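Residues in the sequence shown are numbered consecutively from 230, following this note's numbering. Using N, Cα and C, we set each Cβ at its ideal position, and we do this for glycine too. All values derive from a computational prediction rather than experimental measurement. Take a look at the structure set out below.
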Amino acid sequence: MWRKFLGQEDNEQLESSQLEEATESAGKDTPNTNQREKLIMAEQELKSMIHKRGLVKGKVTRIWTALQTQPGQELTISQQQLRVHARNIEKYYNEYNDVNDKIISLIPDNQVEAHEAKIIEFEDVYNNTLVLIETLQDAQVQQENQHIGAVPINQPQYVIHQQSLKAPLPTFNGTYENWPKFKSMFVDLMRNSPDSDAVKLFHLEKALVGEAEGILDAKTIQDNNYQQAWRILEERYENKRRIIDIHIEGILQMRKIAKKSSRDLRELLNECTRHIENLRFHGQDLTGVSELIVVHILSSCLDNETRELWEGTIEHGELPEYEETVEFLKKRCLVLERCEMNNPVMSNSKPAVSKVSTLGKGSVKVSAAASTSNEIVCELCGGAHLNFKCSVFRNMNVAQRYEKAKQANVCFNCLRKGHRSAACTSERSCSKCSARHHGMLHPEEQLSQSLPSKQEDKANVSIVQTTASDEPTISSPVESDIRNTASVTTSCYGGGALQPTKQVLLQTAIIDVVDQHGQLHPCRALLDSGSQAHILSESMARILGLPVTKCNITIVGANAVKTQSRKGMNVEFLSRYSNYRDRIECLVSERPTGTVPAATISVKELNIPREIKLADPRFFEPNEVDLILASNYVWDLLRSSTVKLSNGTTSLRETDLGWIVTGTFDPYNQVSQSMLLSNVTLQDPLERAIEKFWIVEEIVNSSPHTNEEAEVETHFLETYRRDATGRFVVQMPFKDTVSELDDNRELALIRFHQLEKRLLRNPELKRQYTAFIDEYEALGHCKEIDENKDVAGKGSYYLPHHAVLKPSSSSTKLRVVFNASSKSGKYSLNEVLKVGPTIQNDLFSILLRFRCYLYAFSGDVAKMYRQIDIDANQTTFLRIFWRANPTEALRVLELTTVTYGTSSAPYLATRCLVQLAEEEKERFPVASEMVKNDVYVDDLLSGGDTEEEAVDRQREVTELLAEGGFPIRKWSSNSPEVLKKCA
230 MWRKFLGQED NEQLESSQLE EATESAGKDT PNTNQREKLI MAEQELKSMI
280 HKRGLVKGKV TRIWTALQTQ PGQELTISQQ QLRVHARNIE KYYNEYNDVN
330 DKIISLIPDN QVEAHEAKII EFEDVYNNTL VLIETLQDAQ VQQENQHIGA
380 VPINQPQYVI HQQSLKAPLP TFNGTYENWP KFKSMFVDLM RNSPDSDAVK
430 LFHLEKALVG EAEGILDAKT IQDNNYQQAW RILEERYENK RRIIDIHIEG
480 ILQMRKIAKK SSRDLRELLN ECTRHIENLR FHGQDLTGVS ELIVVHILSS
530 CLDNETRELW EGTIEHGELP EYEETVEFLK KRCLVLERCE MNNPVMSNSK
580 PAVSKVSTLG KGSVKVSAAA STSNEIVCEL CGGAHLNFKC SVFRNMNVAQ
630 RYEKAKQANV CFNCLRKGHR SAACTSERSC SKCSARHHGM LHPEEQLSQS
680 LPSKQEDKAN VSIVQTTASD EPTISSPVES DIRNTASVTT SCYGGGALQP
730 TKQVLLQTAI IDVVDQHGQL HPCRALLDSG SQAHILSESM ARILGLPVTK
780 CNITIVGANA VKTQSRKGMN VEFLSRYSNY RDRIECLVSE RPTGTVPAAT
830 ISVKELNIPR EIKLADPRFF EPNEVDLILA SNYVWDLLRS STVKLSNGTT
880 SLRETDLGWI VTGTFDPYNQ VSQSMLLSNV TLQDPLERAI EKFWIVEEIV
930 NSSPHTNEEA EVETHFLETY RRDATGRFVV QMPFKDTVSE LDDNRELALI
980 RFHQLEKRLL RNPELKRQYT AFIDEYEALG HCKEIDENKD VAGKGSYYLP
1030 HHAVLKPSSS STKLRVVFNA SSKSGKYSLN EVLKVGPTIQ NDLFSILLRF
1080 RCYLYAFSGD VAKMYRQIDI DANQTTFLRI FWRANPTEAL RVLELTTVTY
1130 GTSSAPYLAT RCLVQLAEEE KERFPVASEM VKNDVYVDDL LSGGDTEEEA
1180 VDRQREVTEL LAEGGFPIRK WSSNSPEVLK KCA
């Protein structure tokens, strides 16, 4: 019934009959089993494609149905939803065409016309839906009153004049980046309000929360001076520079995703787009280098698998674009969500911790100090642990814990995100009062005398009463108690701040390690039950002088702090207590952990028996650690003997390395303790911040050319030439498989007919497309040919083509893309072409050098690919169909220049620039170096230390490029004088 409602049932029945007809006609020519198997596979693929096409059409139909409104009904859909529907419609249109192209390549010729009719049906639905969306958008602009949203409980409300719905007042917490949004929403609400300035001022004061609360002075409020209140707020928060800096810093500090996860990827994407959209709101759009930098930062935060898939979407030599990257990541999120939904193991279970056994085999990630490999993130502090295990949260007083839980939007009962305490499914509750709140939110401390100052808050305060013998009694639920309490103090050890009551002892041992000459060296080792790898200090590694193994391993510690280890070492060690001896693989780190212990421990009260031989006789003195032994060794080294010491909280445990001291002691009876160690990795925060800011990517030496790349280089040098005007004439580097390139004329013709129908529906697109082809022909970059004059046996290829619109471009709003990856047989044109090596410097090196110039300038080589001719013997592989109107005769054009979309084009274009610089270096020595070092694809980024030097370099490079027929344009400079002289 649903399929019939979507208009798919009749279509699929027709397609099924056509499929049977195709199967029967093809079955007559299947003399053997292999051909039958191929036929069955083709049949299955065709069924899958037809089904997929029906699903795509169903998506568009559902959007059409969702947008329908009955006469007299109010429109409830928002402008944002309409924009999302419009974007989805365009995406579904492209999906439908791609699937239909595959269907046409699988069916007999006599069925093509029937499937083309389905395109027309789909396009009718597509066009009608787009028209409906635009109609609804226009209608919403004309509406005076808009439905803003539902009113949350206990939130101040304001009723808009002549509107039956209530809208909640927005709130502002004093953060600069939220100011523009708050101002826009609040001013819009007040604009249509009939209330007086006094009432408006009352609402404005209520809307200011957090740090912004109390910013309005008493005189302004007493005078009911609404305008003065706005001047105070604008003077304080109307700081465009600071807001922009906040969003730029947010982009630079985006965290890398450790592994593929739909939630993490969605959070990263939302964070990036939020900063970009806010920058655009303030007039800071992405252009040129800024777009490349943002895309680079965003891509560097992706997990390895997603990064590889994204890189696969970018053609060789092309520059990635922000919008295309965001669109790819959105699709990737949907794919991961579907996979996680269908595979509970991916979304719920925790992956097993893998042991590091071999170094130097790619990039491995290990966790230290009980950090799990799935990198759980605490919503309360950002550390790598569960919320209820957060030490930072435990060290707060009850009021601070409540505020922290409220800010993190976690359940007050289980401390997890995603629901409220009233809807919590956990069977656990407070162990002290059995109420529905977490034990750490139970108010045990006395309330301070500083109760709330506002009368309305005083009425709601619930006092916690404590007696000497009874548990605290609470007059109302704990959430209400703490929410209305102004401050809570604690008398722990006589101070106002909560302190840890016990200090945990870390187990250390002195062992002997063997150096390269067989000599023994004392080594202080920490037995870390929370580490997955053995870690050796850099200083001890230098002393041992053993061979080093290269590796690339990330060490994750507390708060998800990550350090990189790039070398490892095999170390042999001996016990001083027994005959125990072993060899282990260690990672090498500058400083495996901090000083252990953090302060000197008094051991007089422990009364350690003298006959006990301690693994570390000086365990109580702060000292550096040379080696961390991983978790598996901690348990393997333990023996059964245990001695309980007199203080009752400390024990001695026997190991193969000697007796170790375990348990806790009271630091407050001995020494003031202000630092705790909970991990095995430490890193200077300032150093890390500077490192993240400057290290964008690692500069590596270019690898030598592969055999194929060397062949392409040799082919270029042997075949290129320059004509009388100095322009380059090159040959495309074909593989031996070019002889197996099948005839794709019919498929290209079908694709052209589809393009022609699209152009007829969009007159403006048709006008731009026709102008592009006319210009192409007028400049001599293509020529019309007569197919009847083709030489028998000579290969040819027809390029399907389509339009790519880029309204933000200042020069080319529309670009025609030639699809050399389309294939109707075994190979496409791109698959029989050799790609060639990368011969230009990487963009990062060019940008670093560009920043060194005092007077910088940039330029763009106009139509660089099309300034290079293809040898006339090879233009038969660059044919296209074209006609301006369906009433005209169909024309066949051969492109005569290097064509965008062919896999060898980037190499041929950039290689010609380098060759030009090499041949003209005696006449233009400075410009020759600029072309070799300061050009990325067709963009020049250079400059000089003085204005005169910059102008001279610009003029010389212009003359050099003109020798090869490469005009340069779009000059830009940080100096008006340089720009004026460049022009």
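If you keep only unbroken beta strand (DSSP E) runs of at least 3 residues inside the segment 856-887, you get 856-858, 867-873, 879-884. Under the three-state reduction of DSSP, TYR325 is assigned to helix. Looking at the DSSP output, LEU359 shares a beta bridge with no other residue. Take the alpha-carbon of ALA1138 and the one of LEU976: they are about 29 Å apart. Relative to ARG623, the option among LYS489, LEU558, LEU670 whose CA is nearest is LEU670. Rounded to the nearest whole angstrom, the C-alpha separation of ARG503 and THR535 is 21 Å.
A contact between stretches requires three or more CB pairs, one per stretch, nearer than 8 Å, and the segment 1068-1087 fails this requirement with the segment 1145-1152. In terms of CA proximity to ALA1091, PHE1195 leads the group GLU1177, ALA1156, PHE1195. Residue environment analysis places VAL890 among the buried positions, since at least 16 neighbouring C-beta atoms fall within 10 angstroms of its C-beta. A distance of 8 Å or more separates the beta carbons of ASP1089 and ARG956. Sixteen is the threshold: when 16 or more other Cβ atoms of the shown chains lie within 10 Å of the Cβ of PHE1106, as they do, the residue is buried. Classified as exposed, ARG1198 has fewer than 16 neighbouring CB atoms from the shown chains inside 10 Å of its CB. According to the DSSP assignment, ASN1162 belongs to no beta strand (DSSP E) but to the alpha helix (DSSP H) extending over 1154-1162.
For the beta strand (DSSP E) assignment, the uninterrupted runs of no fewer than 3 residues enclosed by the segment 1112-1189 are, from N- to C-terminal side, 1120-1124, 1168-1173. The residue from SER334, ASP1167, LEU1208 with its alpha-carbon nearest to that of ARG1182 is LEU1208. The alpha helix (DSSP H) runs of length 4 or more contained entirely in the segment 722-777 are, from start to end of the chain, 767-773.
For TYR806, there is no enclosing beta strand (DSSP E), as DSSP marks it with neither H nor E. PRO409 and LEU361 have their C-alpha atoms some 32 Å from each other. LEU978: member of the alpha helix (DSSP H) spanning 974-990, first to last residue. Boundaries of the beta strand (DSSP E) around ILE1197: 1197-1202. The shortest CA-to-CA distance from ASN356 to any of LEU644, GLY479, TYR321 is the one to TYR321.
Per DSSP, VAL790 lies in no beta strand (DSSP E) segment and is marked neither H nor E. Rounded to whole angstroms, GLY283 and VAL289 show a C-alpha spacing of 10 Å. Counted as a single uninterrupted DSSP element, the alpha helix (DSSP H) harbouring CYS501 occupies residues 491-510. Of the candidates PHE802, GLN1096, GLU850, PHE802 places its Cα closest to the Cα of TYR862.
Here the alpha carbons of ASN936 and LEU527 stand approximately 34 Å from one another. Under DSSP, GLU814 forms a beta bridge with ASN799. Take the alpha-carbon of ILE857 and the one of MET769: they are about 12 Å apart. Sequence-distant partners of ALA271 (beyond 5 residues in either direction) whose C-beta falls short of 7 Å from its own C-beta, in its chain, are LEU335.
Straight through space, the alpha carbons of THR1126 and HIS1010 are spaced by roughly 6 Å. Take the alpha-carbon of HIS746 and the one of ARG771: they are about 13 Å apart. When secondary structure is reduced to three states using DSSP, ALA844 falls in the coil class, being assigned neither helix nor strand.
The alpha-carbon of SER804 is positioned some 21 Å away from that of SER760.
The continuous beta strand (DSSP E) containing HIS1030 extends over residues 1030-1034. Only residues of its own chain outside the window of five on either side were considered, and among them SER1087, ASP1089 have a CB closer than 7 Å to the CB of ASP1168, listed in chain order. As the crow flies, the alpha-carbon of LEU1145 is around 7 Å from that of GLY1193.
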